[in-house]
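Numbering (mature numbering (1 follows the signal peptide of the UniProt record, and there is no 0)), first residue to last: -34 to -1, 1 to 516. Ideal Cβ positions, reconstructed from N, Cα and C, are used throughout, including at glycine. All of these numbers come straight from a predicted model, not from anything done at the bench. Comments concern the structure below.
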Amino acid sequence: MKSLFQLTVQYGSRTAIAAAMAGVFTLMPATAQAQIAAELPGPRNEQLIEKPSESVLMKESNLIQEVLEPELIFRVEPTRSKILKTKLPMTRVAITSPDIVEINEFSTTEVEVIGLKAGETTMTIWFAAPDGTSTVLRYLVKVAANSEEQRRAEIEYGKLESRLNELFPNSIVQLIPVSDKLIVRGQARDAQEAAQIIAVLGGQSIDQSGNLTMGANLGTAAILPGAEDLRTTSIIDLLQVPGEQQVMLKVRIAELQRTAARNLGFDFSVSGENYDVSHIIGAGAGNLTAILDGGDVELFLQATSSNGMAKILAEPTLVTISGKSANFIAGGEFAVPTAVGVGGIGAVSTTFRGFGTQLAFTPTVLDKDKIRLQVAPSFSSINSSNTVDGIPGLDIRGVTTTVDLREGQWLAVAGLIQDELAGSRVRLPGIGDIPLIGAAFGRQTTTRSETELVVLVSPELVHPMEVEQLPLFLPGTDVTDPTNKEFFWHQQIEGRPGYDYRSTVWPAMRHQIHHENHEILKAQRHARKASRHYHECEDYYISGPQGFSN
């Protein structure tokens, strides 16, 4: 167990000693804990330390020869080093804070002092004298940036700040260098522009298309030559985005189903004038209804193999404001009658159930690009094989969950891998168990179904588009009505992109075009007739400088 003196030297303060002794106290008896606690410096003991008694001073003079304080100041810059060469060999070098200064000993007379980060610490060097004695030299090591370099950095950051405000005129950017950190304050127009500003400062650049490109020290150097020498190990983003943030949720529901079935079996059907027995083998075996006095016997063989595949891919997208709920449905509804009774009188009411792709989610922007999602996507389709009283059933794939995601990240919130295998065999007792022959008196079936399902979600912070950002083509804008030739002759149901036939108004347009062409032809015939009449008149009249004359 460590003594109180050892604990005091190692931890230095009452708080540190108490923290260090917390685990030791649990192993000590209560009396020992009380004794050590009494020896620790308390408020009263601190007063005695400030004004020690004569006996304490005498004790110190008898035990302590000398208290060595730092004698010199040793200055070094962060990420820089100095070589210290000595005349006497060094036996030992000690640093109080190794996270501020690092020591590399090359030899007994040469040592390198490396500044790691801004701060102060002490360095103690022991020398071996020729007479065999030891000499101690203590330095107060100050690690601080060069004032001239710091002024240059402030000037460069000022230029970089002005350049950023020119590149992003709708935002206000303020750069504050603190030691090896860069604080970015101000207000960005939206979340996308804030991300671009931080990306430029973090070593990315914006090309002519407005996209970010990666590169070491490329972002600041691209917008301000010479800024690549600025030392910044970390960026503290304090940019604010005004207004409510809008979140767009992308959901992908992908499902693949494969089925296979095989059937092999025999069956009989016996019929006559007074009886009819069908499906002797199987679940729907018939009953003998009369005396068998003769008839026909028919043998049925069934040997089939079938395979099926179904692919489902739904990608709904929905936008809402942070903290607000949104719902989306694309599909249909079908009526479900419900019997109700009021006062002993029966009645039927009708409700509607929806099917298709549905999405409900509530986003909450927690911090910058971190988003919490309460999401409930689902996809349902009508299952006609599960019909009761004419009302079809539904096949539903859905999930309800809450997740935290960064902007642009994808997360599989739900998944399913299902493999079902079933088999059945029906046979006549006794004869159906005979090898080979028994196959003619039974039926067997095997089915297998494989299902793979995954649900992916991804949030994204968005803002409204400007007019020039609107897409040129929307879904269906390039789909046109085919002409009569394309429809009847080429059997096409879509026309050429950019040429709309408009079959709804084409008869009227054709009549108008024919009428206009008729008028044009009529005018052309009248012009030709007038021209011919003019040339015929030239045979009887002469054209002079004063006009026509006889």
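In the structure shown, the three-state DSSP call for Pro473 is helix. Annotation: Leu440 is outside any beta strand (DSSP E) and is labelled neither H nor E by DSSP.
If you ignore the 5 residues before and after Lys83, its C-beta comes within less than 8 Å of the C-beta of Pro44, Asp65, Ile66, Val109, Ser145, Asp146, all in its own chain and listed in chain order.
Three or more pairs of CB atoms, one per stretch, sit closer than 8 Å, so the region 222 to 232 contacts the region 406 to 413. In this structure, Thr62 places its C-beta atom within 7 Å of the C-beta atom of Thr88.
Ile383 and Thr417 have their C-alpha atoms some 6 Å from each other. Separation of Leu103 and Lys53 (C-alpha to C-alpha, rounded to the nearest whole angstrom) is 13 Å. If the five residues before and after Pro303 are omitted, its C-beta is found closer than 6 Å to the C-beta atoms of Val314, Thr316, all from its own chain and listed in chain order. Between Pro282 and Val331 a beta carbon distance of about 21 Å is seen, past the 8 Å cut, so the two are scored as non-contacting.
Within the same chain, Cβ atoms closer than 7 Å to the Cβ of Val207 are found at Ala154, Asp156, Ala157, Ala160, the five residues on either side in sequence being excluded.
Per DSSP, Ile164 is not a residue of any beta strand (DSSP E); the alpha helix (DSSP H) it occupies stretches across 157 to 167. For Lys51 and Phe72, the gap between their C-alpha atoms comes out near 10 Å. Beta-bridge analysis with DSSP links Leu284 to Leu215. By the neighbour-count definition (other C-beta atoms within 10 Å, threshold 16), Val471 is an exposed residue. With fewer than 16 other Cβ atoms from the protein chains shown falling within 10 Å of its own Cβ, Arg462 counts as exposed.
With a contact defined as Cβ atoms closer than 8 Å, Ile49 and Glu68 miss out at about 13 Å.
When secondary structure is reduced to three states using DSSP, Val22 falls in the helix class.
Taking the Cα of Val285 as reference, the smallest distance to any Cα among Arg372, Ile163, Ser424, Asp447 is reached at Ser424.
Contact between Gly320 and Ala342 is ruled out by a C-beta separation of about 14 Å, above the 8 Å threshold. Judged by their CB atoms, Gln223 and Ala280 are not nearer to each other than the 7 Å cut-off. Taking Val213 as reference, the option from Ala292, Ala406, Pro143 with the minimal CA-CA separation is Ala292. Out of Gln324, Lys336, Arg46, the CA that lies nearest to the CA of Glu426 is found in Lys336. With contacts defined by Cβ atoms closer than 7 Å, Val166 and Asp203 do not form a contacting pair. The three-state secondary structure of Ile486, taken from DSSP, is helix.
Non-local C-beta neighbours of Ile295 in its own chain, meaning closer than 8 Å and more than five positions away in sequence, comprise Gly320, Gly322, Thr323, Gln324, Leu325, ordered along the chain. Collapsing the DSSP output to three states places Asp203 in a strand. In this structure, Thr74 lies near Pro55, with their beta-carbon atoms less than 7 Å apart. Cβ-Cβ distances below 6 Å link Thr328 to Ser291, Gln340 in the same chain, with the five nearest sequence neighbours on each side left out; the list follows chain order. Beta-bridge pairing by DSSP links Asp370 to Arg338. With fewer than 16 other Cβ atoms from the protein chains shown falling within 10 Å of its own Cβ, Thr368 counts as exposed.
With contacts defined as CB atoms closer than 7 Å, Val421 and Ile219 qualify as a contacting pair. By the criterion of at least three beta-carbon pairs nearer than 8 Å, the region 111 to 120 is in contact with the region 29 to 46. Residue nearest to Gly396 within the set Ala406, Gly389, Ser390 is Ala406 (criterion: CA-CA distance). Contact between Ala60 and Thr101 does not hold, since their C-beta atoms are separated by about 15 Å, which reaches or exceeds 8 Å.
In the DSSP annotation of this structure, the continuous segment of the beta strand (DSSP E) that includes Arg151 starts and ends at 147 to 153. Going by DSSP, Tyr105 is part of the beta strand (DSSP E) stretching over 100 to 109.
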